[in-house]
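Throughout the sequence shown, residue numbering follows mature numbering (1 follows the signal peptide of the UniProt record, and there is no 0), covering -20 to -1, 1 to 184 in sequence. Read the structure below first, then the notes.
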Amino acid sequence: MLLSASAAVAAGMASTPALAKSEAEKALKESGPLPENVYGSSSAPVTVVEYASLTCHRCRDFHLKTWPQVKAKYVDAGKIQFVFREFPLNPLDAGGFMLARCAGEKRWSAIVDMLYRADDAWAHAADPVAGLKTMMRQVGMGSDAVDACLGDQKLLDGINAVAKRGTIAGVTGTPTFFVNGRKAAGMMTIDEFSALVDPHLAAK
(Lines of atoms letter the chains of each structure in order from A and count residues from 1; the text may use other names and numbers.)
(Lines give C-alpha, C1' and ligand atoms only; values in the text may rest on other atoms or scores of the structure.)
Protein backbone atom coordinates (compact mmCIF):
# COMPACT_ATOMS: atom_id res chain seq x y z
CA MET A 1 0.00 0.00 0.00
CA LEU A 2 2.84 2.38 0.85
CA LEU A 3 4.44 1.73 -2.53
CA SER A 4 1.13 2.35 -4.26
CA ALA A 5 0.61 5.59 -2.36
CA SER A 6 4.12 6.77 -3.19
CA ALA A 7 3.57 5.97 -6.83
CA ALA A 8 0.32 7.92 -6.81
CA VAL A 9 2.01 10.96 -5.25
CA ALA A 10 4.82 10.78 -7.79
CA ALA A 11 2.33 10.54 -10.63
CA GLY A 12 0.46 13.55 -9.28
CA MET A 13 3.66 15.58 -9.03
CA ALA A 14 4.62 14.62 -12.56
CA SER A 15 1.25 15.72 -13.91
CA THR A 16 1.35 19.13 -12.21
CA PRO A 17 3.44 20.93 -14.89
CA ALA A 18 1.29 19.42 -17.63
CA LEU A 19 -1.87 20.47 -15.80
CA ALA A 20 -0.53 24.00 -15.32
CA LYS A 21 0.33 24.20 -19.01
CA SER A 22 -3.14 22.97 -19.93
CA GLU A 23 -4.77 25.58 -17.68
CA ALA A 24 -2.56 28.32 -19.15
CA GLU A 25 -3.47 27.34 -22.69
CA LYS A 26 -7.16 27.26 -21.80
CA ALA A 27 -6.96 30.70 -20.15
CA LEU A 28 -5.28 32.15 -23.22
CA LYS A 29 -7.97 30.79 -25.54
CA GLU A 30 -10.86 31.91 -23.34
CA SER A 31 -10.37 35.57 -22.50
CA GLY A 32 -13.34 36.07 -20.21
CA PRO A 33 -16.94 37.32 -20.18
CA LEU A 34 -16.38 40.47 -22.26
CA PRO A 35 -16.33 40.77 -26.06
CA GLU A 36 -12.82 40.57 -27.51
CA ASN A 37 -11.08 43.59 -29.03
CA VAL A 38 -9.86 42.01 -32.25
CA TYR A 39 -8.06 43.35 -35.30
CA GLY A 40 -7.74 41.31 -38.46
CA SER A 41 -9.21 38.14 -39.87
CA SER A 42 -9.87 34.98 -37.88
CA SER A 43 -8.42 33.07 -40.85
CA ALA A 44 -5.00 34.71 -40.46
CA PRO A 45 -2.26 32.09 -39.98
CA VAL A 46 -0.85 33.72 -36.84
CA THR A 47 -2.68 35.04 -33.78
CA VAL A 48 -1.04 37.57 -31.48
CA VAL A 49 -2.59 38.33 -28.10
CA GLU A 50 -1.41 41.38 -26.17
CA TYR A 51 -2.13 42.01 -22.50
CA ALA A 52 -1.66 45.70 -21.76
CA SER A 53 -2.39 48.40 -19.22
CA LEU A 54 -3.15 52.07 -19.83
CA THR A 55 -0.68 53.53 -17.32
CA CYS A 56 2.23 51.42 -18.56
CA HIS A 57 4.73 53.53 -20.52
CA ARG A 58 6.03 50.53 -22.45
CA CYS A 59 2.47 49.68 -23.47
CA ARG A 60 1.94 53.27 -24.55
CA ASP A 61 5.15 53.27 -26.58
CA PHE A 62 4.20 50.04 -28.32
CA HIS A 63 0.71 51.31 -29.06
CA LEU A 64 1.82 54.68 -30.40
CA LYS A 65 5.07 53.73 -32.14
CA THR A 66 5.01 50.06 -33.11
CA TRP A 67 1.34 49.19 -33.41
CA PRO A 68 0.66 51.34 -36.53
CA GLN A 69 3.51 49.52 -38.30
CA VAL A 70 2.28 46.13 -37.09
CA LYS A 71 -1.22 46.89 -38.33
CA ALA A 72 0.00 47.97 -41.77
CA LYS A 73 2.55 45.19 -42.24
CA TYR A 74 0.71 42.24 -40.74
CA VAL A 75 -2.92 42.87 -39.77
CA ASP A 76 -4.10 44.71 -42.88
CA ALA A 77 -2.16 42.24 -45.03
CA GLY A 78 -4.10 39.32 -43.55
CA LYS A 79 -1.01 37.78 -41.96
CA ILE A 80 -1.98 38.03 -38.30
CA GLN A 81 -5.02 38.47 -36.14
CA PHE A 82 -4.24 40.77 -33.21
CA VAL A 83 -6.19 40.56 -29.95
CA PHE A 84 -5.90 43.31 -27.32
CA ARG A 85 -6.80 42.30 -23.77
CA GLU A 86 -7.03 44.49 -20.69
CA PHE A 87 -4.61 43.85 -17.84
CA PRO A 88 -5.15 46.70 -15.36
CA LEU A 89 -2.32 47.23 -12.90
CA ASN A 90 -4.22 49.70 -10.73
CA PRO A 91 -7.67 51.32 -10.35
CA LEU A 92 -6.80 54.04 -12.89
CA ASP A 93 -6.10 51.41 -15.53
CA ALA A 94 -9.40 49.74 -14.77
CA GLY A 95 -11.27 53.05 -14.95
CA GLY A 96 -9.79 53.95 -18.31
CA PHE A 97 -10.63 50.55 -19.74
CA MET A 98 -14.17 50.77 -18.36
CA LEU A 99 -14.72 54.09 -20.10
CA ALA A 100 -13.40 52.72 -23.37
CA ARG A 101 -15.87 49.83 -23.05
CA CYS A 102 -18.75 52.16 -22.16
CA ALA A 103 -18.02 54.30 -25.22
CA GLY A 104 -19.03 51.37 -27.40
CA GLU A 105 -17.29 48.78 -29.53
CA LYS A 106 -16.89 51.09 -32.52
CA ARG A 107 -15.15 53.77 -30.44
CA TRP A 108 -13.12 51.50 -28.17
CA SER A 109 -9.93 51.72 -30.21
CA ALA A 110 -10.13 55.51 -30.56
CA ILE A 111 -10.68 55.95 -26.81
CA VAL A 112 -7.72 53.75 -25.91
CA ASP A 113 -5.57 55.67 -28.40
CA MET A 114 -6.69 58.99 -26.90
CA LEU A 115 -5.95 57.85 -23.35
CA TYR A 116 -2.47 56.67 -24.32
CA ARG A 117 -1.67 59.90 -26.15
CA ALA A 118 -2.77 62.13 -23.29
CA ASP A 119 -1.90 60.03 -20.26
CA ASP A 120 -0.41 63.05 -18.47
CA ALA A 121 -3.85 64.67 -18.50
CA TRP A 122 -5.40 61.92 -16.39
CA ALA A 123 -3.02 59.16 -15.26
CA HIS A 124 -0.58 61.60 -13.67
CA ALA A 125 -3.06 64.34 -12.78
CA ALA A 126 -3.74 65.51 -9.22
CA ASP A 127 -7.39 64.53 -9.77
CA PRO A 128 -7.40 61.57 -12.19
CA VAL A 129 -11.20 61.26 -12.31
CA ALA A 130 -11.56 64.91 -13.25
CA GLY A 131 -8.90 64.34 -15.91
CA LEU A 132 -10.81 61.37 -17.29
CA LYS A 133 -14.02 63.40 -17.35
CA THR A 134 -12.29 66.14 -19.33
CA MET A 135 -10.94 63.57 -21.78
CA MET A 136 -14.27 61.81 -22.22
CA ARG A 137 -16.13 65.09 -22.68
CA GLN A 138 -14.18 65.45 -25.92
CA VAL A 139 -15.93 62.36 -27.28
CA GLY A 140 -19.39 63.27 -26.03
CA MET A 141 -19.51 61.44 -22.70
CA GLY A 142 -20.68 63.76 -19.94
CA SER A 143 -19.84 63.72 -16.25
CA ASP A 144 -22.92 61.72 -15.24
CA ALA A 145 -22.23 59.10 -17.91
CA VAL A 146 -18.63 58.78 -16.70
CA ASP A 147 -19.79 58.33 -13.11
CA ALA A 148 -22.31 55.69 -14.16
CA CYS A 149 -19.70 53.83 -16.17
CA LEU A 150 -17.12 53.87 -13.38
CA GLY A 151 -19.78 52.59 -11.00
CA ASP A 152 -20.64 49.59 -13.18
CA GLN A 153 -19.51 46.71 -10.98
CA LYS A 154 -20.42 44.07 -13.56
CA LEU A 155 -18.16 45.72 -16.13
CA LEU A 156 -15.32 46.02 -13.61
CA ASP A 157 -15.72 42.36 -12.70
CA GLY A 158 -15.54 41.46 -16.38
CA ILE A 159 -12.31 43.38 -16.93
CA ASN A 160 -10.81 41.83 -13.81
CA ALA A 161 -11.83 38.40 -15.09
CA VAL A 162 -9.92 39.05 -18.33
CA ALA A 163 -6.86 40.00 -16.28
CA LYS A 164 -7.23 36.96 -14.02
CA ARG A 165 -7.19 34.67 -17.04
CA GLY A 166 -4.12 36.54 -18.23
CA THR A 167 -2.38 35.76 -14.95
CA ILE A 168 -3.24 32.07 -15.34
CA ALA A 169 -1.85 32.22 -18.89
CA GLY A 170 1.45 33.49 -17.49
CA VAL A 171 1.21 37.28 -17.60
CA THR A 172 3.27 38.90 -14.84
CA GLY A 173 3.65 42.40 -16.29
CA THR A 174 2.77 44.55 -19.27
CA PRO A 175 2.97 44.50 -22.15
CA THR A 176 2.96 40.73 -22.63
CA PHE A 177 2.43 39.12 -26.02
CA PHE A 178 1.54 35.59 -27.05
CA VAL A 179 2.45 34.71 -30.64
CA ASN A 180 0.54 31.55 -31.50
CA GLY A 181 0.72 30.77 -27.79
CA ARG A 182 4.41 31.56 -27.30
CA LYS A 183 5.02 34.21 -24.65
CA ALA A 184 7.16 37.33 -25.11
CA ALA A 185 7.22 40.31 -22.76
CA GLY A 186 8.25 43.94 -22.98
CA MET A 187 8.17 46.83 -25.40
CA MET A 188 9.00 45.84 -28.99
CA THR A 189 10.14 47.72 -32.05
CA ILE A 190 8.75 46.59 -35.38
CA ASP A 191 11.98 44.67 -36.04
CA GLU A 192 11.71 42.84 -32.71
CA PHE A 193 8.06 42.09 -33.37
CA SER A 194 8.87 40.79 -36.84
CA ALA A 195 11.58 38.53 -35.42
CA LEU A 196 8.89 36.83 -33.33
CA VAL A 197 6.16 36.65 -35.95
CA ASP A 198 8.01 35.90 -39.19
CA PRO A 199 9.20 32.39 -38.21
CA HIS A 200 5.59 31.41 -37.51
CA LEU A 201 4.54 32.76 -40.90
CA ALA A 202 7.37 30.92 -42.63
CA ALA A 203 6.26 27.66 -41.03
CA LYS A 204 2.75 27.93 -42.48
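We treat Cβ as the ideally placed atom computed from N, Cα and C, and that holds for glycine. In this text, all values refer to a predicted model and were calculated from it rather than measured experimentally.
How far does the alpha helix (DSSP H) with residue i in it extend, from its first residue to its last?
i: residue 134; result: 133 to 149
i: residue 90; result: 85 to 97
i: residue 109; result: 108 to 117
i: residue 129; result: 123 to 130
i: residue 69; result: Per DSSP, residue 69 belongs to no alpha helix (DSSP H) and is neither H nor E.
Which of the three DSSP states is assigned to residue i in this structure?
i: residue 51; result: helix
i: residue 176; result: helix
i: residue 3; result: helix
i: residue 14; result: coil
i: residue 43; result: helix
i: residue 171; result: helix
i: residue 184; result: coil
Go ahead and label residue i buried or exposed: buried means 16 or more other beta carbons lie within 10 angstroms of its beta carbon, across all protein chains shown.
i: residue 147; result: exposed
i: residue 73; result: buried
i: residue 119; result: exposed
i: residue 195; result: Outside the shown range of the chain, which is -20 to 184, sits residue 195, and nothing can be said about it.
i: residue 68; result: buried
i: residue 179; result: exposed
i: residue -20; result: Below a pLDDT of 50, predicted positions are generally treated as unreliable, and residue -20, at 42, falls in that range; the measurement from the model is reported next regardless. Result: exposed.
i: residue 84; result: exposed
i: residue 162; result: exposed
i: residue 44; result: exposed
i: residue 13; result: exposed
i: residue 56; result: exposed
i: residue 154; result: buried
i: residue 20; result: buried
i: residue 124; result: exposed
i: residue 2; result: exposed
Name, in chain order, the residues that DSSP records as bridge partners for residue i.
i: residue 30; result: 64, 157
i: residue 162; result: 159
Just reading off the beta strand (DSSP E) that residue i is part of, what are its end residues?
i: residue 18; result: 17 to 19
Going along the chain, which residues of its own chain have a beta-carbon closer than 7 Å to the beta-carbon of residue i, five neighbours each way excluded?
i: residue 49; result: 170
i: residue 77; result: 34, 66, 68, 139
i: residue 168; result: 42, 46
i: residue -12; result: No answer about residue -12 holds up, because its pLDDT of 39 lies below 50 and its placement is not dependable.
i: residue 26; result: 59, 60, 159, 160, 177, 180, 181
i: residue 126; result: 79, 112, 113, 116
i: residue 22; result: 61
i: residue 183; result: none
i: residue 24; result: 58, 59, 60, 61
Less than 6 Å between C-beta atoms, sequence neighbours within five positions excluded: which residues of the same chain meet that for residue i?
i: residue 156; result: 31, 165
Nearer than 7 Å: is that true of the beta carbon of residue i relative to any heavy atom of the ligand ADP?
i: residue 61; result: As for the ligand ADP, it is missing from this structure, which has no ligand bound.
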